[in-house]
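Reminder that position 134 of the sequence shown reads as 744 in my numbering, one-by-one numbering, no gaps.
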Amino acid sequence: MDFSPSERAQHWLAKADAFFQRYVLPYNPAWHHSVTQGVYPPPFLQDLKALAQEEGLWNLFLPSLLPGEPGTRLSNVDYAPIAELLGRLPWASEVFNCSAPDTGNMELLHLFANPAQKQRWLEPLLAGTMRSAFAMSEPDVASSDPTNLQTSLTPQGEGWVLNGRKWFITGAAHPNCRLLIVVCRNGAAAPGQADSPDDTHLQHSVVLVPTDTPGVSLVRNIAMLNHLAPEGHCEIVFKNVHVGKEQLLGLWGHGFAMAQARLGPGRVHHCMRTIGQCELALELACERVLERQAFGKHLADFSNVQDWIADARIDLDLARLRVMQVAWRLDQADSDSQQRKTDIAAIKVVAARLQSRVVDRAMQIFGAMGLSPDTPLAYFWSWGRAMHLMDGPDEVHLRTVTRSELKKARARSGQSGHYFTTPEQMRAPPRIT
Ligand SMILES: Cc1cc2nc3c(=O)[nH]c(=O)nc-3n(C[C@H](O)[C@H](O)[C@H](O)COP(=O)(O)OP(=O)(O)OC[C@H]3O[C@@H](n4cnc5c(N)ncnc54)[C@H](O)[C@@H]3O)c2cc1C
């Protein structure tokens, strides 16, 4: 296992870093000013995107990018440090056409869309001329278990009618959001389709719904811990929305598997962006403790602060190593899919815990200022809190890891006898075979 960056990876990371420092970071105050004034996306974003695309700093997240598709193809291992860099500013990924949820949606379309769907939706997404959202969670059911989802597809003529309510749909308030990728429960099948089977994992399908379809209404943008994201985490109602057969993505009844497939590399990106935010939080905290004094000492001289800094460095490096290991496994075509699933579940929990811990201490170090909007910490903290839920709550990921561990234990059952030294075992030791 080798995560050392190739020459090519070093080249693209250096290029992304130079672009970030020269063109993106200096615009950060202007970005916030524009959004506070209600102008979103800020007018300069389009120019930055065009410049980044000219430089080849485009669609870097997509290892399956095909010749002729715009951008630069990087492996997951090579893209990971760039995702870490982009994580330092919540809006930087969009400049490079690498922002969630579009990244996962592009992966999904790459894998499952037919040629006509690719032309209509994938091409403009790869070109960065539109945005998209992935609509799965529903207010009325526990959405951490996707087999619960109720939004329905009922046959009508040659197609279906879609009815239901989704919420926390990230990106749906972006003015360029044109596509909703909606996970629905199969009703009775449409003509020519098999009926809903008994298997709970085959009862959902995915449809591609343009945002301007009659019957689709964006009810509200839901604030997250009082932070209203301009791109939105939205509640959306679908009322008697007509869906044609050509809008079905992939196979009928395979929505569950597609939703799982979508979350692989996307989780690695989320985790690396988190690590970028935590690195920045640690940098800011270290600079602060060197200049701020209380009770006649710099804050850096208090032993609890020293421990927080050391713990943050250790936790960050451990998390990065683990995420890089998963990125590496994703790059290996022959890696075990079950192991990949467990790994991805594990790093999602690692990253959420890291962000809550590191950013919380950085906020404490900053005193009251840490809770204000004057530093990025309060935003990072609320994002860290959301990480414990979005793309599935920690408990569900822990369950995946536990299942894998217990499966291994079942397979080795009875093999650990030699480690026990109870009086009974010493009298009658297990037989050596
Ligand atoms: C900022 C943000 C952005 C989001 N973006 C999107 C998006 O773009 N698209 C989308 O579809 N959804 C999105 N979501 C929704 C998110 O995916 C769901 O909130 C998540 O899957 C949990 O579903 P739920 O809220 O219905 O919680 P529930 O399913 O009701 O679960 C509530 C709690 O029950 C417990 N629990 C559940 N299952 C288990 C278990 N097996 N073992 C132990 N405890 C358990 C957990 O503590 C869990 O937190 C977003 C959420 C947030 C906060």
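Each residue gets a CB set at the ideal place from its N, CA and C atoms; glycine is no exception. Keep in mind it's a predicted model, so treat the numbers as computed, not measured.
- The closest heavy atom of ligand 1 lies less than 8 Å from the beta carbon of K776.
- Spanning the alpha carbons of V645 and F613 requires a straight line of approximately 38 Å.
- The residue from A1021, L721 and L695 with its alpha-carbon nearest to that of A869 is L721.
- Boundaries of the alpha helix (DSSP H) harbouring Q949: S947 to I975, taken from the DSSP string.
- Between the region 876 to 887 and the region 913 to 923 there are fewer than three inter-stretch CB-CB distances shorter than 8 Å, so the stretches are not counted as touching.
- Here L718 has R872 as same chain residues with Cβ atoms under 6 Å from its own Cβ, once five neighbours each way along the sequence are excluded.
- Sequence-distant partners of V933 (beyond 5 residues in either direction) whose C-beta falls short of 8 Å from its own C-beta, in its chain, are A690, V878, C881, M882, I885, I957, V960 and A961.
- Burial is judged here by how many other beta carbons sit within 10 angstroms of a residue's own beta carbon; N724 has fewer than 16 and is exposed.
- Annotation: T1010 to K1017 spans about 11 Å, alpha carbon to alpha carbon.
- Rounded to whole angstroms, the separation of the alpha carbons of P636 and R795 is 46 Å.
- It is roughly 33 Å from the alpha-carbon of F905 to the alpha-carbon of R995.
- Secondary structure note for K849: its beta strand (DSSP E) is the uninterrupted segment H843 to V853.
- Checking the 8 Å criterion, the Cβ of I779 is within range of a heavy atom belonging to ligand 1.
- The beta carbon of R632 lies closer than 8 Å to none in the same chain, with the five residues before and after it left out.
- K776: member of the beta strand (DSSP E) spanning G769 to T780, first to last residue.
- Of all alpha-carbon atoms in S1014, A662, S616 and K907, the one lying nearest the alpha-carbon of K951 is that of S1014.
- Taking the Cβ of P711 as the reference point, at least one heavy atom of ligand 1 falls within a distance shorter than 8 Å.
- Taking each of D925, I924 and V899 in turn and checking the Cα distance to S913, the smallest one comes out for V899.
- In terms of side-chain proximity, the C-beta atom of M834 is found nearer than 8 Å to a non-hydrogen atom of ligand 1.
- Less than 9 Å divides the Cβ of G774 from the Cβ of T761.
- Between the beta-carbon of L818 and that of W731 there is about 6 Å, and that keeps the pair under the 8 Å contact cut.
- Between E733 and P651, the C-beta gap is not smaller than 9 Å, which leaves the two residues out of contact.
- Where C896 is concerned, the enclosing alpha helix (DSSP H) starts and stops at G865 to E901.
- Secondary structure of T1012 (DSSP, three-state): helix.
- When Cβ pairs closer than 8 Å are counted between the two stretches, the region 855 to 868 is seen not to touch the region 828 to 844, the count staying below three.
- CA-CA distance, M740 to L940, rounds to 28 Å.
- Distance from the CA of F744 to the CA of A693, rounded to the nearest whole angstrom, comes to 20 Å.
- If you check the CB distance, L926 and E889 come in under 9 Å.
- Proximity of the region 614 to 632 to the region 765 to 780 falls short of the contact definition, fewer than three beta-carbon pairs being nearer than 8 Å.
- The distance from the Cβ of N638 to that of L695 is about 14 Å, inconsistent with a contact at the 8 Å cut-off.
- For H720, the enclosing alpha helix (DSSP H) has its first and last residue at D712 to F722.
- According to DSSP, P765 shares a beta bridge with W770.
- Collapsing the DSSP output to three states places R1041 in coil.
- Per DSSP, F629 has no beta-bridge partner at all.
- Take V792, set aside five residues on each side of it, and the residues of its chain with a beta-carbon closer than 6 Å to its own are A745, V817 and V819, in chain order.
- A660 counts as exposed, since fewer than 16 other C-beta atoms from the protein chains shown sit within 10 angstroms of its C-beta.
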